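Residue numbers (UniProt numbering): 1 to 376.
Each residue gets a CB set at the ideal place from its N, CA and C atoms; glycine is no exception.
Keep in mind that this is a model prediction, so the values were computed, not measured.
Structure record follows, encoded as structure tokens.
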Amino acid sequence: MIDKSQVSILVVDDEEDIRDVLEIALMDIGYTVLLAENGEKAFEIFKSKRPQIVITDIKMPVMDGIELLRQIKRENPATEVLMITGHGDMDLTIRSLKHEAMDFITKPVNVDILEIAVEKAVEKIVSGQKLLEYTQKLELLILEKSKLADHLSGLGLMMGTISHNIKGLLTNLDGGLYVARSGLKNNNNKTIEEGMDLLGQSVDRIKKMIMDVLLYSKERKLNRTVIETKGFVSQIKKMMELKLKKTNIIFNCNYTHCPETMFVDEEFIMAALVNILDNAIDACRSDMQKKDHAIEFEILRKTDQLVIQIYDNGCGMDSQTKEKIFNLFFSSKSTKGTGFGLYISNSIIKQHGGFIHVTSIKEKETLFKIILPDEI
1 MIDKSQVSIL VVDDEEDIRD VLEIALMDIG YTVLLAENGE KAFEIFKSKR PQIVITDIKM
61 PVMDGIELLR QIKRENPATE VLMITGHGDM DLTIRSLKHE AMDFITKPVN VDILEIAVEK
121 AVEKIVSGQK LLEYTQKLEL LILEKSKLAD HLSGLGLMMG TISHNIKGLL TNLDGGLYVA
181 RSGLKNNNNK TIEEGMDLLG QSVDRIKKMI MDVLLYSKER KLNRTVIETK GFVSQIKKMM
241 ELKLKKTNII FNCNYTHCPE TMFVDEEFIM AALVNILDNA IDACRSDMQK KDHAIEFEIL
301 RKTDQLVIQI YDNGCGMDSQ TKEKIFNLFF SSKSTKGTGF GLYISNSIIK QHGGFIHVTS
361 IKEKETLFKI ILPDEI
């Protein structure tokens, strides 16, 4: 049941008696009524009050009903307009139809006919609103279905990429196991250690691959909490020192401008940063031109933003590679990369309402600057 008091009707006629009669009749039925004596005044009221229905005489001074109809339809096509016309105004009737008038009421106005015409207009408005709601829901369903299809397609491609990488990892595991067994057989501690290192590297890559798959395959809402920043950075420092233990890569953490707290999903942000840091490690390992390599990490607060900077002086990248690094399945590491680590990092940062800015010079350095909204 429609609440008629929620439906406003603008009545436009240059004759005061007709306006009064229509106002009384419509208010008795339960509608909210607005009045105007000409088209110009009516359009001003229409723009400010936004009535759902307009009932207007065709022949009026200042601005006639047809011009008012044109302007109303241009302003809001969903408004229903009923035209009051005299007998023999066929030309004006046709012109009104061309400008999408809904119906006509002939003079003298019959209250019963008026009520029926207004009810039809209300029904049409309600039907239009329902159709719009259904259309929006349908568009949403289509969008969700399309996203699901893309996601499933991505998972399929991911499985293909992973199966290819797993073959290489299994070969590395076999190699590490063979070296370790040889060391045990010959009681050679150095060989055992080399074998264990190979096994450890392979296990780390498997763990990272599994985490990337879990992050990509299952969407979850952010669980933001206020975390202590220095403790968070300390976790990263310990993790990086373990990873870089047997390399010539130095890891520097700058605590100088470190904010006290951050409001983030700690697990997700950690995963995003680990992927970028792993990328920095790979860049340093791939660089054969420099002897000394370093990775620098810093979190600072700038006005209403948190800035996380990850710098490395590794192999850098050209502009073409830089443009593609956040694309799903793009990897510049041949068989060693899965192509979704940085894609996942970028997705997590975007989910936090932030973005990543990358600058890089080929064979020299790379800087990842992660910008997050400071919401504390």
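Are the beta-carbon atoms of residue i and residue j separated by less than 9 angstroms?
i, j, result
"residue 33", "residue 23", "yes"
"residue 56", "residue 10", "yes"
"residue 391", "residue 71", "As displayed, the chain neither begins before 1 nor continues past 376, which places residue 391 out of reach and without an answer."
"residue 81", "residue 73", "yes"
"residue 227", "residue 306", "no"
"residue 199", "residue 177", "yes"
"residue 282", "residue 316", "no"
"residue 300", "residue 257", "yes"
"residue 294", "residue 249", "yes"
"residue 25", "residue 114", "yes"
Near residue i, which residues of its chain fall below 8 angstroms by C-beta distance, leaving aside the five closest residues on each side in sequence?
i, result
"residue 189", "183"
"residue 358", "322, 325, 366, 367, 368, 369"
"residue 38", "12, 14, 60, 61, 62, 63"
What would DSSP say about residue i, mapped onto helix, strand or coil?
i, result
"residue 242", "helix"
"residue 78", "coil"
"residue 196", "helix"
"residue 58", "coil"
"residue 372", "strand"
"residue 235", "helix"
"residue 137", "helix"
"residue 103", "strand"
"residue 296", "strand"
"residue 309", "strand"
"residue 131", "helix"
"residue 119", "helix"
"residue 377", "Here the chain comprises residues numbered 1 to 376, so residue 377 is not present and cannot be evaluated."
"residue 334", "Residue placement at residue 334 is flagged as unreliable, the pLDDT there being 49, under the threshold of 50; the coordinate-derived value follows with that caveat. Residue 334 falls in the helix class under three-state DSSP."
Measuring alpha carbon to alpha carbon, tell me which of the options ends up nearest residue i.
i, options, result
"residue 129", "78, 142, 86", "78"
"residue 243", "133, 264, 285", "285"
"residue 69", "95, 116, 123", "95"
"residue 28", "112, 141, 127", "112"
"residue 298", "234, 271, 25", "234"
"residue 206", "341, 247, 105, 276", "341"
"residue 47", "66, 36, 75", "75"
"residue 173", "186, 201, 191, 193", "201"
"residue 373", "312, 308, 360", "308"
"residue 30", "118, 133, 49", "118"
"residue 239", "261, 271, 259, 260", "271"
"residue 264", "291, 232, 343, 279", "232"
"residue 8", "310, 187, 54, 273", "54"
In terms of residue numbering, what span does the beta strand (DSSP E) encompassing residue i cover?
i, result
"residue 322", "It is not in any beta strand (DSSP E) - residue 322 instead sits in the alpha helix (DSSP H) that spans 319-324."
"residue 250", "249-254"
"residue 303", "Counting along the chain, residue 303 falls outside any beta strand (DSSP E), and DSSP gives it neither H nor E."
"residue 12", "8-12"
"residue 34", "32-36"
"residue 358", "355-361"
"residue 109", "Neither: residue 109 is in no beta strand (DSSP E) and is coded neither H nor E."
"residue 260", "Here residue 260 belongs to no beta strand (DSSP E), and DSSP marks it neither H nor E."
Hey, quick one: how far does the alpha helix (DSSP H) through residue i stretch, first residue to last?
i, result
"residue 286", "266-286"
"residue 71", "65-75"
"residue 345", "341-351"
"residue 41", "39-49"
"residue 20", "16-29"
Can you find the residues in the same chain that come closer than 7 angstroms, C-beta to C-beta, to residue i, ignoring five residues on each side of it along the sequence?
i, result
"residue 289", "363"
"residue 225", "266"
Tell me whether residue i, by its Cβ, gets closer than 8 angstroms to a heavy atom of the ligand ZN.
i, result
"residue 275", "As presented, the structure is devoid of all ligands, the ligand ZN included, so that no description of it is given."
Can you list, in chain order, the residues of its chain with a C-beta nearer than 6 angstroms to that of residue i? Leave out the 5 residues immediately preceding and following it.
i, result
"residue 254", "298"
"residue 287", "314, 315"
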